[in-house]
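Just so it is clear: in the sequence shown, position 93 is 92 by numbering that gives the first Met the number 0, and no numbers are missing.
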Amino acid sequence: MNRRDFLTGSGFAVSAFTTPVTRWLVTPADEAADLADGKQVGRADLEELRDAAAEARRWDSKYGGGNWKANSVTVCLQERAAPLLRGSFTDDVGRDLFSVTSELSRLAGWTAFDVGQHDVAQRHFIQALRLARAGGDVQLGCYVLTTMAMQSLLRGFPSEAVDMAQGAFERAKGRAAPRVLAFTKLIEARAHARENNARTASRVLAVSEDLISRADRTSGDEPAWIDFYHHARLSADAAEVFRDLKNPKASLAWNQRAAAMPSGVFTRSVGMRLAIVGTAHLQARDLDHGLALGNRSVDILARVQSSRAKDYVREFNTALAPWRREPSVRDFIHRTRTELGVAA
């Protein structure tokens with residue numbers, strides 16, 4: 000792939016996903032991955048790339064995609080991984096090289112997505128899907144496609160997100176770990192909720208929960224990049240599903256099932272969750288409780304560089320509309336504007 004061509008252009012277009020997604024659904028794994036061209040690539044090179052990916056995931060969760068360390072995954076991808084792809088390697092090493100480079104490309108897309116660079120993110124996701132195919136890594140391809148579905152969902156294309164999540168599930172079924180498949184169903188449920196389809200969202204969410212339970216009962220190998228998805232994460236996202244469905248009772252009930260996450264490790268996730276639950280309290284006409292959670296969310300998210308996280312505060316501010324004249328609400332709106340750059 001020509002990196003210079005790949006990283007030019009602008010604007011998110013959901014239609015740009017059509018061809019790469021179709022190709023992956025038809026043929027999710029290439030037949031061979033060996034190459035005899037340049038410098039010999041070995042297992043030590045792969046371990047270095049895996050360590051870089053693991054480090055980027057940790058920093059992204061703690062400080063957001065705009066943090067310099069999380070953003071360094073792009074430098075690693077371009078300056079370390081790309082030259083290795085032009086080296087010499089056996090089929091086994093080649094498949095692992097393509098897979099870990101796919102993971103790095105997905106992470107580069109994720110950090111760009113998190114800071115609102117949606118065009119850059121989209122191109123990285125497309126590249127990650129192709130690299131997963133080159134590596135014959137069907138379950139990583141499934142995860143990348145699910146991430147693409149999430150981007151489409153949050154850019155305002157829920158029906159396309161449903162199609163992508165369903166396609167990822169059906170193509171990887173029988174070839175991906177239950178936890179990986181469970182995540183596809185979570186994103187599908189979130190997309191159905193954005194379409195205000197409560198019955199289908201609830202049914203698909205239950206499928207995700209069943210798959211997590213199956214994963215917990217088995218001792219099979221799972222990729223490191225899916226270790227975040229457990230019942231606690233499902234419960235937290237379910238609270239968002241029912242917030243979107245404007246069902247605060249169900250949203251708050253799911254939140255009670257979600258285990259507390261340490262803010263020092265999952266800073267962005269904790270801040271977003273507080274905004275989601277606060278919004279649910281506002282939907283239940285509980286202004287005091289909602290504002291208390293909103294202020295705690297701002298306390299945490301002020302330390303994070305993530306435009307995606309700010310979108311949750313923006314949605315919270317929108318839910319404050321019935322109380323615009325209240326002094327406490329005016330003070331909160333002023334605070335989000337001055338500390339986060341978020342207006343109503």
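Glycine is no exception: its CB is placed at the ideal position from the N, C-alpha and C atoms.
For this session: Apply the 10 Å Cβ neighbour rule to P177 and answer buried if 16 or more other Cβ atoms are within range, or exposed otherwise.
Result: Along the sequence shown, one-based indexing puts residue 177 at 178. With 16 or more Cβ atoms within 10 Å of its Cβ, P177 is classed as buried.
Problem set entry | Through-space distance from A43 to A53, alpha-carbon basis | If you number the sequence shown from 1, residue 53 lands on position 54. If you number the sequence shown from 1, residue 43 lands on position 44. When rounded, the distance between both Cα atoms is 15 angstroms.
For this session: Alpha carbon to alpha carbon, how far is A164 from N1? Give it in angstroms, no decimals.
Result: Translated into positions along the sequence shown, residue 1 becomes position 2. Translated into positions along the sequence shown, residue 164 becomes position 165. Confidence at N1 is low in this model, with a pLDDT of 39, below 50, so the placement of that residue is unreliable and no value is reported for it.
For this session: Return the chain-ordered list of same chain residues with a C-beta closer than 6 angstroms to the C-beta of A301, the five sequence neighbours on each side being excluded.
Result: Residue 301 sits at position 302 when you count from the first residue of the sequence shown. Closer than 6 angstroms at Cβ, skipping near neighbours: E338.
For this session: Report yes or no: do three or more beta-carbon pairs, one from the stretch 136-153 and one from the stretch 178-188, lie closer than 8 angstroms?
Result: yes
Exercise. With a CB to CB cut of under 7 angstroms and the five nearest residues on each side skipped, what residues in its chain are close to A131?
Worked result: Locating residue 131 in the sequence shown gives position 132, where the first residue counts as 1. Only S98, S101, L139, G140 and V143 meet the Cβ criterion.
For this session: Assign Q304 to one of three DSSP states: helix, strand, or coil.
Result: Position 305 of the sequence shown, counted from the start, is the residue given in the question as residue 304. It is coil, neither helix nor strand.
Exercise. Can you tell me the Cα-Cα spacing of E355 and L286, whole angstroms?
Worked result: Nothing in the structure corresponds to residue 355, since the chain is present only between 0 and 343.
For this session: Answer yes or no: do N316 and I299 have a C-beta to C-beta separation smaller than 8 angstroms?
Result: The residue given as residue 316 occupies position 317 in the sequence shown. The residue given as residue 299 occupies position 300 in the sequence shown. Result no, Cβ atoms of N316 and I299 do not sit closer than 8 angstroms.
For this session: State yes or no: is the C-beta of A32 within less than 8 angstroms of the C-beta of R94?
Result: Here residue 32 refers to the residue found at position 33 of the sequence shown. Here residue 94 refers to the residue found at position 95 of the sequence shown. In this structure, R94 lies closer than 8 angstroms to A32 by Cβ.
For this session: Leaving out five residues on either side along the sequence, give the residues of the same chain with a beta carbon under 7 angstroms from the beta carbon of A257.
Result: Along the sequence shown, read from residue 1 onward, the residue named residue 257 stands at position 258. The residues are A231, S234, A235 and A238.
Problem set entry | Same chain only: Cβ atoms within 8 angstroms of V13, ignoring 5 sequence neighbours per side | Looking up residue 13 in the sequence shown gives position 14. Contacts found: S151, R154, F156 and E159.
Exercise. Among residues of its own chain, excluding the 5 on either side of L292, which ones have a beta-carbon nearer than 6 angstroms to its beta-carbon?
Worked result: To locate residue 292, count along the sequence shown from 1; it is residue 293. These residues qualify, in order along the chain: L273, V276 and G277.
Problem set entry | Which of helix, strand or coil DSSP assigns to L210 | On the sequence shown, position 211 is the one that residue 210 refers to. DSSP places L210 in helix when its eight states are reduced to three.
Exercise. Is the number of C-beta pairs between the stretch 247-255 and the stretch 207-217 that are closer than 8 angstroms three or more?
Worked result: Touching, no, given that fewer than three Cβ pairs across the two stretches are closer than 8 angstroms.
For this session: Please name the residue in D136, Q77 and R329 whose C-alpha comes closest to that of E30.
Result: The residue you call residue 30 lines up with position 31 of the sequence shown. Nearest option by C-alpha distance: D136.
For this session: Using alpha carbons as the reference points, say which of W23, G166, V303 and V72 lies closest to Y62.
Result: By one-based count along the sequence shown, residue 62 stands at place 63. Per the Cα distances, V303.
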